[in-house]
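Only one structure is covered here, and it is reproduced in the block below.
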Amino acid sequence: MPRRPKKSSPDRPAPSKSTARHATAPQAAPVSVRIIGGSLRGRRLECTGDPRTRPMKDRVREAVFNLLGDVSGSTAIDLFAGTGALGFEALSRGAKAAVFFEQHFPTADVIRRNAALLGVAGACEPRR
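For what it's worth, this note's numbering labels the leading residue of the sequence shown as 673, then goes sequentially.
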């Protein structure tokens with residue numbers, strides 16, 4: 673005689689696919705971030721690989737700068753900077769300076785290294 677499936681008790685709901693899917697910690701996938709416009713177009717940025725840092729996608733950055741229009745001569749503020757992609761994108765498109773706010777020390781250090789690699793360290797001000 674075939675066995676009937678057990679009924680879930682009223683105290684504990686049956687496990688769903690969504691809870692089973694989120695049972696493991698997220699894995700950090702290698703991320704490649706690049707500047708998409710301006711004088712630094714095509715240059716790649718170093719990333720930390722920390723799964724808590726999720727860089728802004730190219731399409732989103734492009735949409736932001738399409739909405740902003742000309743940023744020449746302005747000062748960009750990149751809050752929760754992460755890789756600093758938004759601030760570096762603004763510098764690439766003519767902003768005179770960029771201020772990066774990042775609390776995580778190793779990530780702030782990556783922003784400093786990226787500024788040096790891109791040759792824009794003089795226009796960058798990383799803050800914690």
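Backbone N, C-alpha and C fix where the C-beta goes; we use that ideal spot for every residue, glycine too.
Residues sharing a beta bridge with F773, DSSP
According to DSSP, which records beta bridges pairwise, F773 is partnered with L751, R799.
DSSP on L763, reduced to helix/strand/coil?
Secondary structure at L763: helix, using DSSP grouped into helix, strand and coil.
Measuring straight from C-alpha to C-alpha, what distance separates K768 and R726?
Using only the alpha carbons, I get a separation of about 26 Å.
Cut-off 8 Å between Cβ atoms - residues of its own chain near G791, not counting five sequence neighbours on either side
Excluding residues within five positions, none has a Cβ falling inside 8 Å.
Going by beta carbon distance, what residues of the same chain come within less than 6 Å of S744, once the five residues before and after it are set aside?
For S744, where only same-chain residues beyond five positions count, the Cβ hits under 6 Å are G766.
Applying the criterion that 16 or more other CB atoms from any shown protein chain within 10 Å of the CB defines a buried residue, is V705 buried or exposed?
With 16 or more other Cβ atoms within 10 Å, it is buried.
Would you call A788 buried or exposed, if buried means 16 or more other Cβ atoms sit within 10 Å of its Cβ?
Label assigned to A788: exposed.
Coil, strand or helix - L712 by DSSP:
In the three-state scheme derived from DSSP, where H, G and I count as helix and E and B as strand, L712 is classed as coil.
Nearest CA to the CA of P723: which residue from H776, C796, E797?
The candidate whose alpha carbon is nearest that of P723 is H776.
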